[in-house]
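Numbering (this note's numbering), first residue to last: 115 to 410.
Ideal placement from N, C-alpha and C gives every residue a C-beta, glycine not left out.
Treat the numbers as computed from the prediction; the structure is a model and nothing was measured.
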Amino acid sequence: MKEILLFLLLSARLAWSAETAPPDLHPFGQLVLTNFASAPFPHPSRAQGHRYDGTNYDAATHYQDSTVALFIPKGFRAGPQVDFVIHFHGWRHTVAGTLQQYQLAEQLTASGRNAILIVPEGPHDAPDSAGGKLEDAGGFQRFMAEALAVLKAGNVLSNDAVTGQIILSGHSGGYQVIAGILDRGGLTQSIREVWLFDALYAHSDSFLTWAAGDSGRLLNIYTDHGGTRANSEAMIATLRGTNASLVATNETSLNLADLTSHHYVFLHSNLAHNDVVARHHTFQQFLETSCLSPIR
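Written as structure tokens, this is what we have:
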């Protein structure tokens with residue numbers, strides 16, 4: 115495995131500074147950092163950068179990073195079908211900072227689920243929700259094909275391995291790229307769950323349309339001051355007017371059985387916006403009650 119991962123690590127073309135270096139995850143599994151041609155950026159939509167609140171975020175600094183992190187948890191079993199959790203970071207974040215702050219890899223390993231975690235770089239340290247290539251028609255399908263190719267080239271997966279179940283997870287501004295994937299990214303039949311961590315700022319119709327199909331769970335955790343409460347409560351009201359399998363409760367009152375027995379789960383949290391992913395190990399709880407198989 116060390117030789118396999120060395121091959122993948124050597125394919126990375128990004129030089130990490132001390133400030134941006136990812137965490138040491140060796141106790142939990144193996145972290146692979148590489149660059150994807152199908153990564154969100156660079157993309158023509160941000161060829162001139164992005165202006166927000168009077169400040170210009172130039173393309174060279176914020177929209178040229180094609181880094182993708184792939185994390186293989188300890189004990190992972192490669193099979194003919196491979197399940198994935200794809201997490202999208204929010205505003206003013208990076209891949210390295212996201213892995214460090216939100217402990218996604220540690221929570222995946224602790225959950226005991228047999229899946230590979232992928233975290234692509236979105237807008238690099240910028241106040242922007244754009245998803246670049248992953249908002250293009252078929253963009254997500256191309257991204258996942260490249261992920262499989264990279265893992266096969268390193269002998270992590272067999273040559274005949276195919277994509278199994280997919281979970282899309284997003285914090286804060288990560289909502290927009292997820293909505294774009296659901297609308298036109300491809301592989302919709304493989305997307306079994308969508309998790310929004312204080313991220314329901316817009317595109318409610320995209321999430322409802324996907325969830326109304328033959329799909330898995332829509333999980334939404336929201337806070338009082340993160341800017342998502344109004345949209346979350348509006349969606350709850352909409353669903354209560356239907357026969358939807360719905361639970362809406364306070365995070366501290368959550369019965370974990372509710373996570374496995376309802377199609378729609380809405381959790382109101384008293385935590386701060388940046389605490390909802392890791393402070394109460396919510397990412398891990400979602401994993402443990404997900405469609406993903408345990409490592410045996």
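Quick check on residue i: buried or exposed, where buried means 16 or more other Cβ atoms within 10 Å of its Cβ?
i: D328; result: exposed
i: L370; result: exposed
i: S404; result: buried
i: V308; result: buried
i: Y166; result: exposed
i: A183; result: buried
i: G268; result: buried
i: D197; result: buried
i: R160; result: buried
i: A240; result: buried
i: A251; result: exposed
Ignore the nearest five residues each way along the sequence and tell me which others in residue i's own chain have a CB closer than 7 angstroms to its CB.
i: E249; result: V291, G294
i: T396; result: I335, V390
i: L368; result: L381
i: N345; result: L314, Y315, S318
i: Q162; result: A173
Within a Cβ cutoff of 6 angstroms, which residues of the same chain sit near residue i, ignoring the five residues on either side of it in sequence?
i: Y296; result: Residue 296 is actually Leu in this sequence, not Tyr. If we look at L296 and ignore the five residues flanking it on each side, its Cβ neighbours are S320, W324.
i: V209; result: T181, A183, V233, E235
i: S383; result: I335, T337, E365, V390
i: D242; result: H164
When you compare only the Cα positions, how much space is there between residue i and residue j?
i: F311; j: Y216; result: 11 angstroms
i: L271; j: Q279; result: 15 angstroms
i: R306; j: A326; result: 12 angstroms
i: K266; j: V379; result: 35 angstroms
i: A192; j: G355; result: 43 angstroms
i: A362; j: N273; result: 43 angstroms
i: G236; j: S304; result: 22 angstroms
i: A244; j: D138; result: 29 angstroms
i: H387; j: G340; result: 5 angstroms
i: A358; j: I200; result: 26 angstroms
i: K188; j: S375; result: 29 angstroms
i: I350; j: T148; result: 40 angstroms
i: A353; j: L332; result: The residue you asked about is not Ala; residue 353 is Leu in the sequence shown. Distance between the alpha carbons of L353 and L332 is about 12 angstroms.
i: H164; j: H176; result: 9 angstroms
i: Q398; j: T342; result: 22 angstroms
i: Q178; j: E347; result: 37 angstroms
i: L108; j: F150; result: Residue 108 lies beyond the stretch modelled for the chain, which goes from 115 to 410, so this question has no answer here.
i: V264; j: L406; result: 22 angstroms
i: N170; j: Y289; result: 22 angstroms
i: I281; j: T302; result: 11 angstroms
i: L322; j: L401; result: 21 angstroms
i: R410; j: F190; result: 9 angstroms
i: H238; j: R206; result: 7 angstroms
i: G211; j: L145; result: 14 angstroms
Can you round the beta-carbon distance between residue i and residue j to whole angstroms, since I take them to be within the 8 angstroms contact cut?
i: P141; j: L213; result: 14 angstroms between Cβ atoms; not a contact.
i: F254; j: L222; result: Actually they are not in contact, since the Cβ atoms of F254 and L222 sit about 20 angstroms apart, beyond 8 angstroms.
i: P154; j: V276; result: With 8 angstroms as the limit, P154 and V276 do not qualify as a contact, their Cβ atoms being about 23 angstroms apart.
i: G204; j: G287; result: 4 angstroms
i: G330; j: F202; result: No, G330 and F202 are not in contact; Cβ-Cβ is about 18 angstroms, not under 8 angstroms.
i: A219; j: G143; result: 6 angstroms
Which residues does DSSP list as the beta-bridge partners of residue i?
i: R165; result: N170
i: P187; result: G143
i: P408; result: R227
i: A362; result: F380
i: V233; result: A183
i: H201; result: S283
i: N334; result: L310, F380
i: W148; result: In the sequence under discussion, the amino acid at residue 148 is Thr, which differs from the Trp named in the question. Answer by DSSP bridge pairing, in chain order: V182.
i: T277; result: V196
i: I305; result: I280
Apart from the five residues on each side of it in sequence, which residues of its chain come closer than 8 angstroms, Cβ to Cβ, to residue i?
i: K247; result: S152, A153, P154, F155, H157, G253, R256, F257
i: P408; result: G226, R227, N228
i: L385; result: T337, E365, R393, H394
i: D372; result: V361, T363, V379
i: E260; result: F150, A151, S152
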